[in-house]
Structure formats: structure tokens, C-alpha cells
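For the record, the sequence lines run as chains A and C.
Residue numbers 1 to 349, in the numbering used here, belong to the letters of the first sequence in order.
Residue numbers 1 to 349, in the numbering used here, belong to the letters of the second sequence in order.
For every residue, glycine included, the Cβ atom is placed at its ideal position computed from N, Cα and C.
These numbers were taken from a predicted model, which means no experiment stands behind them.
2 protein chains.
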Amino acid sequence: MEKIKIGIAGFGFMGHCHADTLKTIDEIELTAVADTNPEQLKDAPAGVKVFKSMEEMLKGADMDAVIISTPNITHLEMVEMAAKAKKAIICEKPAAMSVKEFDQMTAVTKENNVLFTVHQQRRWDTDYCIMKEVYDKNMVGDVYVIKSQLYGFNGYMHDWHVFPELGGGMLYDWGVHLIDQILNMVNAPMESLYADLKNVINENVDDYFNIMIRFKNGVTAEIELGTYYLTPKRAWFIGGNKGSAMIDGFAGEGKIVRTSHLLQNVPGKITMTAAGPTRSFGPAAPGLLVEEPLPQVNVSHRDYFLHFIRSYYQKEEIMIKPEQVRKVLCVMDAVRESAKTGKAISLEL
Amino acid sequence: MEKIKIGIAGFGFMGHCHADTLKTIDEIELTAVADTNPEQLKDAPAGVKVFKSMEEMLKGADMDAVIISTPNITHLEMVEMAAKAKKAIICEKPAAMSVKEFDQMTAVTKENNVLFTVHQQRRWDTDYCIMKEVYDKNMVGDVYVIKSQLYGFNGYMHDWHVFPELGGGMLYDWGVHLIDQILNMVNAPMESLYADLKNVINENVDDYFNIMIRFKNGVTAEIELGTYYLTPKRAWFIGGNKGSAMIDGFAGEGKIVRTSHLLQNVPGKITMTAAGPTRSFGPAAPGLLVEEPLPQVNVSHRDYFLHFIRSYYQKEEIMIKPEQVRKVLCVMDAVRESAKTGKAISLEL
């Protein structure tokens, strides 16, 4: 099978990550990299052609597909150029700055009949895939709440991410992943959304958000991220009527907790706590709480590209579908509107 | 100083708690207890007159004040009787089933010129008082988020609390405390509120809620309670731009965490996690996170009654003011409306 020849437009942080990953994949050959900043090209892999712009790369490189990892605001322009040059396209996330922009992208890629997908590789995160299996297999019964939390100590963001005019901010950077994961997990119509979006440390871009989404199937999801929330962790919680599943850490360390029996309506043993007597919130009787391991999964971001290869050769349907990417961008627009107005936004999605 | 003679109407769980507390207070004499259920009166303290109803107690007991600890739906009727009998009134929480009911209570108590307050004793909880001091003294800088969380393993609630027609459910039982604490801490006008309210294990009453309140001073508070949320804890988090304060447990165990310096906008050291490279959410460099102890407080629920005595003798203003109690009930009404409609509720309070 012939190798897929790929070029990378934008050889910054993610561009370098992609080059490193592609090195490990036999079915792909990295043939070119382009960046407007010569500094970024200094450590381009040996034998790879370097170009000072996407235009030049599209003219001069031998490529079947292009990975777009330029700053967010340039994605539309890059996708248009690549589509017209008939290249298959992997665009970094967020694909677009708005739903409107994304619709222009899908139009031009359809018009030119090129494969178009987005690098939503966090659908292959270990922590996420474990929780998705808990959800899909009803391991904690009927789910009433799902929490996805990401907290860090790093008040300041990096490079162009601190500039709104370049598409900076954490909602664009990580929000797009965390929302995509939740929509892909719950996969049900939404009822409404309410969100808080703040600049805590960064003057110009958001670095904290908390999003509550109520789905029509009775599940409520809460997605919270803080870059200056000083209990650094990547945490998940799924609460159901047959137990709770929890994770702390990208590696998916965690457990499922159940009660050995459900307490019936009883007078209730009165437990004295530091805050006086309580019947509902004292310590659990020994043996009441039972722990089980979480399911195991075996995934990596490399799988995103292995999947891309299969779809490139039409052996499987693309998993990151434009209509899904569009839905995430609709939610992101709604988050900004809710945060601005203080109103809940109805979502007929 | 003459002792305040107090009677207790409703000698169930809370009635007994009150009797135990009053025993420890010299300035108060428990003279009577009343309950419609003879079983409850069997262990009435020696020397205390027992009555089979509030009416009988108001006729036959020597009382200056009455504590009302009957089921929630009977509070209005009890307050009306006690006010007309010119007794000072301590009513259990929630004072009323609705704002409308509470307005009737304040009317009748004003009319009869009797002291009327509500047993919102959790303003004297250790965990709460510590966090209030962190907030009041700006110990973590400008606050952007406050979380108050209460999770338990006890899916089923007790006694009359499982019956909606008696005013059961966790929003009435604990919600009223958690909301009162937050309003008393932030003490600023509210912008809007969005809430989720569910029956997870109990068929007939709510046993899970999550309430997001955005205040006009820029603080967002989240109040969450789950009776079948299997990481049992009483947790607080206050996030500010100068650090984070956190508590786990009614006794107030916790810490303040700060960063030794704020990271400026830099290319950012790339940290490899189980979920690929990240610059914002990798582990903290050694020494970056600095811990400090939380402030110490010395409070107990007994203080509620010591305060009541001082206000009874007009030595200090009552701290649980009817207008504050009313505001909490307005928020609870808004919580139910938001949960029912999926809309955010604007609160001009």
C-alpha cells in the first residue's frame, strides 16, 4: 500500500507534535512543513521540504493530505487553500472561530470533494474512553450527572493563546475537546445550557469556565476548567442510581463505588459530626461502601491517525464528522452567549 | 437575670436535639414539650410538662418562647398560634414552604409584636465560618468561584422527609442551609440562577440538586448536594486570583494553596502526560505550589441560642433576619422554577 504523503502547515507546538507522531506510522510519509516564522523551521526533520507559507507548500510539495496547525483564526483561509488544491485535510481544533466560519469550510471542502476532518484526538484519551465505557454499559445504572473537570496551576497561557485576536483562550483551546467528549458520550438531544466564562489571571482571554448542559434524556453534564484552580487534576465523576464512577488523572486512575445495599426509609442512626447531628451525611457504616475497578481501555492519540488512514482509503467512515464538529461549535457559541447574558440557552441539537 | 422559659412544639429528631442543647444553657429553662405522637414524648426530660398539641401547650405551659420543630408544612399554622399567644418564636428551617407562606408568618408576628426568628444554626458551622473568614478577608484575592458541596451515601431519607406532602426533600432540608450560607457570605445582589433538581433514589422527593448562582459582584457560587453521590464529603472551594482555599469535612480540615510566582506568557515547558503533551495541565514544578493553613474559628450551634438570648433581651439585633430568610425562600422557589423549565431565573434580590 502506497504511503500517504502529508504536509504540515504551521510548525509550532502542535506541528512538532504531529511530526513526532507521524514518524511512528509506516503508512504515512511526512514530505513537507510550512511556517511563516523561520525560527520554527530550524528543527524540521531531515529530508522534509520546508516552505515559508501554505501557498508555497501547496505549489512545491508532493502531498496527498495536509495537517493545518496554524493559529485558530487562520484555519478558514488554510482550509480554503488546501481544499482548492484538492488535498485531504486534517484541521487542528477548534476547526473554526464560529459556526458561520465552519459552514464556509464544509462548503468549500464539499465543493472540491476532499476529505475534511478535525484533530479531535481527545476522543482517544484514556480517562475519557474509560468513562465512556462506564456510561455505554450502564455500569452505574441510570446516570443523573456527569462531571468533566480540568484544573491547573498555570495562570498564564502560552504563545498566541493569550491573544484574543489570534483565537486564544481556554474555551477554544480545551473547551472544544471537553465539550466534544461529553456530546459524544451522552449522544442525546440537549435541553438547555448555562455557562460561566471568566478571565481570572489573563486580562484578555478566558481561563476559567463552568458549563452546565441538561440533556433531554435526564442526564446533566457539567464541564469545568480552571487554569488557576489550585487543586491540579483531570477529574471525572459519573453518578447513577446504582453507584458512582470517578477518575482523577489523565491515566484514568479511579474506581467505581457502590453501596452493599440501599438504605430504606428508617428513623436513621443519628451521627454526631463536627457540625452537629446529621442522619444523612455522617460517616458510612463499615462495609456499606464497596469499591470495584474501572474498566480498562487501550487507546492512544496515535489511533487517531491510524483511523484517519483507514478512512482515507475508504475502509471506514470518518469518526470526527463535520456535523459533530459543528454541534460543538454551536455549544461554544451558546456558552459565550449565556456567559454574556446570564441566560440559559435552549439548544435544539 | 430571669431564665427564658421555652417550650418545644414537635418532639421528634430536632426537638430532641434542641432539648439536649438547652440543657447546657443556664439562661434557658425548658418548661414544656408537645407532640401529637405519644411515642415521641416517652423520653421527655424529667420535670418538663408534656402536651399532646401546640394548642394545649400554649394554654397550659409557663413559656416565654416556643421552638417550632414540627414537620415543615405545619410551620405556618404553628407560628400563627404562637404569635397570637404572644410568644417569642424560633421556627425550624425551612421556615415556610414558599415565600407566600413566609409573608403570612412575618405579617402575623409583626401584628402581635413578637420576636420571630428561624433556626438557621448552620451559620455557626465550623467549615462555613472558616470559609466566610477567607472570603471576608480576601485571603485568596478577588474571588471568582465559591463551591459548597455535600455528598452522602444515604440514598434514602428519613421519617416524614420522604413525603412531599409533609415538606420533604433535600432542597427543603439542607438546601435552605447551604443557600443561606452562600447568601450570607457573598452578600451581594444576584444576577441569575440555574438549577438542576432530581429524584435519584427517592421516588417522591428530591435527593440531588446543583445550583449555579451568578452574583453581580462577579462571584459565581455553586451549591451541590447529593444523597447518593458516593464520595461522601462536606467540601468547600473558594477560587481567587491570589490562590485557592479548600475544605473537606465538617470539622474544616483543609488548606490555602498559592503559587510561589505567577507564570508569565512563555513558550511553556511541554509536559508529557498519559493524554499526550500539555503545557497548561502537566504536574507543577517542585516548590511552585505553596500551602498555608486556613484561619481558625471557634463556633458551635450552642452559639445560636446564646445569640438568641441576647436578642431576646434586646442586647443585640437578631442575626437570622426575616428578610434574609425570605431571600433564601425566593432562591428556593427560583431553583424549582429553573429545574422545571430549564431556564435561568433572574433574581433582583
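Fewer than three beta-carbon pairs drawn from the stretch 111–118 of chain C and the stretch 198–206 of chain A are found closer than 8 Å, and the two stretches are therefore not classed as touching.
Buried is the label assigned to residue 259 of chain A, since at least 16 other Cβ atoms lie within 10 Å of its Cβ. DSSP, read as helix, strand or coil, puts residue 315 of chain C in coil. Against chain C, a Cβ distance below 8 Å from residue 201 of chain A picks out 241 and 262. Its Cα nearest to that of residue 5 of chain A, the residue A:25 stands out among A:25, A:52 and A:12. With distances taken between CA atoms, residue 217 of chain C lies nearest to C:143 out of C:90, C:312, C:309 and C:143.
For residue 338 of chain A, the three-state secondary structure derived from DSSP is helix. Contact between the stretch 119–126 of chain C and the stretch 149–166 of chain C is absent, with fewer than three C-beta pairs closer than 8 Å. About 6 Å separates the Cβ atoms of residue 21 of chain A and residue 305 of chain A, confirming a contact at the 8 Å cut-off.
Sorting A:57, A:11, A:248 and A:32 by C-alpha distance to the C-alpha of residue 39 of chain A places A:11 at the top. The C-alpha of residue 64 of chain A lies about 28 Å from the C-alpha of residue 329 of chain A. Looking at the backbone, the Cα of residue 344 of chain C and that of residue 309 of chain A are separated by about 45 Å.
The residues 151 and 208, in chain order, have a CB closer than 6 Å to that of residue 226 of chain C in the same chain once the five nearest residues on each side in sequence are set aside. Think of a sphere of 8 Å around the beta carbon of residue 212 of chain A: the chain C residues whose beta carbon falls inside it are 194, 196, 210 and 212, in chain order. In the three-state scheme derived from DSSP, where H, G and I count as helix and E and B as strand, residue 242 of chain C is classed as coil. Each residue's CA atom was taken as its position, placing residue 293 of chain A and residue 95 of chain C some 44 Å apart. The Cβ atoms of residue 132 of chain A and residue 185 of chain A sit closer than 8 Å to each other. With a beta-carbon spacing of about 5 Å, residue 201 of chain A and residue 228 of chain A fall inside the 8 Å limit used to define contacts. Taking C-beta atoms as the reference points, residue 335 of chain C and residue 347 of chain C fail to come closer than 8 Å. Per DSSP, residue 181 of chain C is one residue of the alpha helix (DSSP H) stretching across 176–186. Using a C-beta cut-off of 8 Å, the stretch 176–190 of chain C makes no contact with the stretch 192–201 of chain A, since fewer than three inter-stretch Cβ pairs fall below that distance. If only complete runs of 3 or more residues are kept, the stretch 92–127 of chain A shows the beta strand (DSSP E) at 116–118, in order along the chain. Beta-bridge partners of residue 130 of chain C (DSSP): none assigned. For residue 92 of chain C, no chain A residue has a C-beta closer than 7 Å to its own C-beta; the minimum C-beta separation is roughly 13 Å.
Non-local C-beta neighbours of residue 325 of chain A in its own chain, meaning closer than 6 Å and more than five positions away in sequence, comprise 95 and 118, ordered along the chain. Setting aside the 5 residues that flank it on each side, residue 109 of chain A is surrounded in the same chain by 83 and 116, each with a C-beta closer than 6 Å to its C-beta; the list follows chain order. Among the residues facing chain C, residue 286 of chain A is not included, as its CB has no counterpart in that chain under 8 Å away.
Contact between residue 36 of chain A and residue 62 of chain A fails: their C-beta atoms lie close to 21 Å from each other, not under 8 Å. Residue state for residue 191 of chain A is assigned as strand, using DSSP reduced to three classes.
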